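In what follows, a single structure is set out as structure tokens and then discussed.
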Amino acid sequence: MQESMACGTPMISFAVGGVPDLVRPGITGELAPPENIQAFAEKIIELLEDDNKRNKLSKNCRHIAETEYSIELQAQRYIELYRQILSQNNTES
Numbered sequence: 140m141q142e143s144m145a146c147g148t149p150m151i152s153f154a155v156g157g158v159p160d161l162v163r164p165g166i167t168g169e170l171a172p173p174e175n176i177q178a179f180a181e182k183i184i185e186l187l188e189d190d191n192k193r194n195k196l197s198k199n200c201r202h203i204a205e206t207e208y209s210i211e212l213q214a215q216r217y218i219e220l221y222r223q224i225l226s227q228n229n230t231e232s
């Protein structure tokens, strides 16, 4: 899903698992209730028919991908995670 955002592609998905963490309704895409095929189809049609909304969501996706999921930021998050793990291991020894 991060790849979709990086390409500026709004996402439509079911609200299950970790999906709602990435798909922000009205910002990066739309969510349908789990297993509700009708609602899912309606969200797709709505996005296909509304150029302004689709363009807005597309820009939001790209912006959020660049600001929240950049390689630099992801690397920094991993460095911090490793430091925390190493710190915990040192205090347990």
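Heads up: the sequence shown begins at 140 in the numbering used here, then just goes up one per residue. Heads up, the beta-carbon is just placed ideally off N, CA and C, and yes, glycines get one too. Predicted model only: the values in this text are computed from it and were never measured.
Item, Value
"Host alpha helix (DSSP H) of residue 224 (start-end)", "210–231"
"At least 3 beta-carbon pairs within less than 8 Å: the region 144–155 vs the region 193–206", "yes"
"Of the listed residues 189, 203, 225, nearest to residue 161 (C-alpha basis)", "203"
"Burial state of residue 171 (16 or more Cβ within 10 Å)", "buried"
"Residues that residue 181 bridges to, as DSSP identifies them", "None, per the DSSP bridge assignment."
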